[in-house]
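For the sequence shown, our numbering assigns the number 169 to the initial residue and increments by one for each residue that follows.
Using N, Cα and C, we set each Cβ at its ideal position, and we do this for glycine too.
Bear in mind the structure is a predicted one, so any value in this text is a computation, not a measurement.
In what follows, a single structure is set out as C-alpha cells and then discussed.
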Amino acid sequence: MELSFEILTLLFLVASLAGFIDAMAGGGGLLTLPALLAAGVPPTQALATNKLQSSFGSFSATWYFVRNGIVSIKEMRLAIACTFIGSAVGAESVQHIDAGVLTSLIPLLLVAISLYFLLMPKTREQQGKAKISEAMFAFCVGGGVGFYDGFFGPGTGSIFTVCFVALGHFSLVDATARTKVLNFTSNIAALLFFILAGLPVWELGLVMAVGGFLGAQLGARVVVTKGQKWIRPLVIIMSMLMAGKLLWQQHHQWLLSMF
C-alpha cells in the first residue's frame, strides 16, 4: 500500500509519543494501533505492523533498564519463556479470525481496556512480599497476558505493570523494568509469526519503529510516579475517541437511521 509523506510523518510522531508513554506506563498501542487503522491498514496487517514497530520501542526500554542494572534477564527466565509461548499462541490464533469479526472486535476491546485504565488500582511505591509464587506468576501472568498481547496488544504494558505491583509487590520502577522485558518478549514472539505469514507493512512499520525507539529511550529515563497522573487520562481519552471513531465508521448508517 502507498502512503503519503504527510501520513508517514504523522505516524512517526504518533509512534514516538507511544514509545515515550509505553516506556513509562504502557498503553502506547492504544495510540499506534488505532492510528494504523485510521491510515487504512487492514486489521490483521495493522496488528502485525504494530508489533513490528512496538518491538523496537520495547527493546529500547528493555536495553536501558538492563544496561543500568535495574532488572536481570537471568532472574526472569521462566516468565520470559511463558510469555513467549503465550504470545506465539495468540498471534497464531488471531490469523484465523475473519477480518470483519476482528474489525468489530477491536473497538469493543479498546473500550474494555479504557475501562481497565479508568478503574485499575493505584500502583504502590514500596516493594513487599509477593502474593503468588514465581512459577505461578510466570504461568498465569506471563502466559495469559502474553496471549493477549499476541492476539491484540494495546494496554499490555500497563496490565503487566499492575500485575507486578499487585501480585509481585514490586516497586513501580522495578515493575516497569520487568514489564518492558516481558513486553519485548511477547512482541518478538508475535512478530515472528506475523512475519512468517507475510503480514507486516515493512516500510510503515520501520518508519514508526524509529520513532518508537527514540520515544522509548526518553520515556525510560523519566520513569517516575508523577508521570502516571497524566499518562493514564491520556490513554483513556485516546482509546475512547478511537473506539468511537471506529464504531462510527462501522455503524454510522444504522445510527443515522435511528434519527
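Can you find the residues in the same chain that come closer than 6 Å, C-beta to C-beta, to residue i, ignoring five residues on each side of it along the sequence?
i, result
"residue 228", "381, 384, 385"
"residue 309", "331"
"residue 246", "306"
Residue i to residue j, Cα distance in whole Å?
i, j, result
"residue 117", "residue 254", "Nothing about residue 117 can be reported from this structure: the residues present for the chain run from 169 to 427 only."
"residue 221", "residue 284", "24 Å"
"residue 185", "residue 301", "35 Å"
"residue 412", "residue 274", "11 Å"
"residue 375", "residue 235", "25 Å"
"residue 379", "residue 260", "27 Å"
"residue 181", "residue 175", "10 Å"
"residue 429", "residue 282", "Nothing about residue 429 can be reported from this structure: the residues present for the chain run from 169 to 427 only."
"residue 177", "residue 304", "43 Å"
"residue 362", "residue 216", "6 Å"
"residue 277", "residue 187", "21 Å"
"residue 392", "residue 224", "Unreliable placement is indicated for residue 392, whose pLDDT of 48 sits below 50; the coordinate value is still reported in the next sentence. Looking at the two C-alpha atoms, the distance is approximately 22 Å."
"residue 256", "residue 360", "8 Å"
"residue 336", "residue 347", "12 Å"
"residue 390", "residue 243", "24 Å"
Let me know the secondary structure DSSP gives residue i once reduced to three states.
i, result
"residue 307", "helix"
"residue 238", "coil"
"residue 392", "Only weak support is given to the placement of residue 392: the predicted model assigns it a pLDDT of 48, under 50, and the question is left unresolved by the model."
"residue 299", "coil"
"residue 223", "helix"
"residue 180", "helix"
"residue 253", "helix"
"residue 265", "coil"
"residue 366", "coil"
"residue 354", "helix"
"residue 361", "helix"
"residue 171", "coil"
By Cβ distance below 7 Å, which residues in the same chain neighbour residue i in space, the five residues on each side in sequence not counted?
i, result
"residue 351", "226, 324, 325, 328"
"residue 179", "203, 207, 372, 375, 376"
"residue 149", "For the chain, the structure presents residues 169 to 427; residue 149 sits outside this window and is missing."
"residue 415", "275"
"residue 263", "212, 365"
Using a threshold of 8 Å, is the CB atom of residue i nearer than that to any non-hydrogen atom of the ligand GDP?
i, result
"residue 409", "Questions concerning the ligand GDP fall outside what the structure shown contains, since it holds no ligand whatsoever."
Would you mind giving the Cβ-Cβ distance between residue i and residue j, rounded to the nearest angstrom? I have them listed as a contact below 8 Å.
i, j, result
"residue 241", "residue 341", "Their Cβ separation, rounded to whole angstroms, is 17 Å, which puts residue 241 and residue 341 out of contact at 8 Å."
"residue 209", "residue 369", "6 Å"
"residue 218", "residue 321", "6 Å"
"residue 345", "residue 233", "4 Å"
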